[in-house]
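The C-terminal residue of the sequence shown carries number 176 in full-length UniProt numbering, and the numbering is unbroken.
Beta carbons are placed, not taken as given, at the ideal position from N, Cα and C, and that holds for glycine.
In what follows, a structure is listed as structure tokens, so that the remarks can point back to it.
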Amino acid sequence: MVFYALCVTAELENLTDLQPLGGCSDPEYAYYFKVKCENCGETSQKEACVTLSDSFQLPTGRGTANLVQKCKLCGRDGTIQMLPGHGEPLTLQQSQSGSEAMLMVFDCRGFEPIDFSFGNGWKAESTSGARFEMDLSEGEFVEYDEKGECPVGISNLRASFKVVKKHERAGKTTFV
Ligand SMILES: [Zn+2]
């Protein structure tokens, strides 16, 4: 198994704490991305849609995963299980320093996740405290914050999957 972290960054204008509507561990938030077969290197043509609330029986019959799929080329089974509770929203400070926020960790067997797509169902907070909900499928967001009397926006969205290692210390699990 390999652990992949979904890391995102963007240019935030007077906004902070960009994350899925129900938070990073939102059981209903659908993560869309393609998968690459570790056996033959084939990339799926269709994006996989993975949510915490969906679980499927493993081919072995023992246990479940959030995604169970067969490679169309070589027929090898691959599974992906999400590990909630390790994600954090993207803050204005991170955006300004050019660093990334880790939103979710995926335990991947047989597949490598690639090409994450930003969709609908995101939220962020203005520096005035006003809350905004947005659809990021167009890759950006522009609005005016009446309360703070300033423009707010999101642009230059970027996402990548990075290999992370599991660390266990004093009963606490972290991924770095
Ligand atoms: Zn394959």
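With distances taken from each beta carbon to the nearest heavy atom of ligand 1, which residues come in below 6 Å, in chain order?
C37, N39, C40, E42, C71, L73, C74, R76
Looking only at C-alpha atoms, which of T51, G78, L103 sits nearest to H86?
With distances taken between Cα atoms, H86 lies closest to L103.
With a threshold of 8 Å on Cβ separation, who are the neighbours of L83 within its own chain once the five nearest residues in sequence on each side are excluded?
F3, M104, V105, F106, D107, F175
Separation of E13 from P113, as counted between CA atoms
29 Å
Pick from F116, L92, E140: whose alpha carbon is nearest that of S126?
L92
Distance between A48 and C71 (C-alpha atoms, nearest Å):
12 Å
Kindly identify the DSSP beta-bridge partner or partners of V2.
C108
Between which two residues does the beta strand (DSSP E) containing S155 stretch?
150-164
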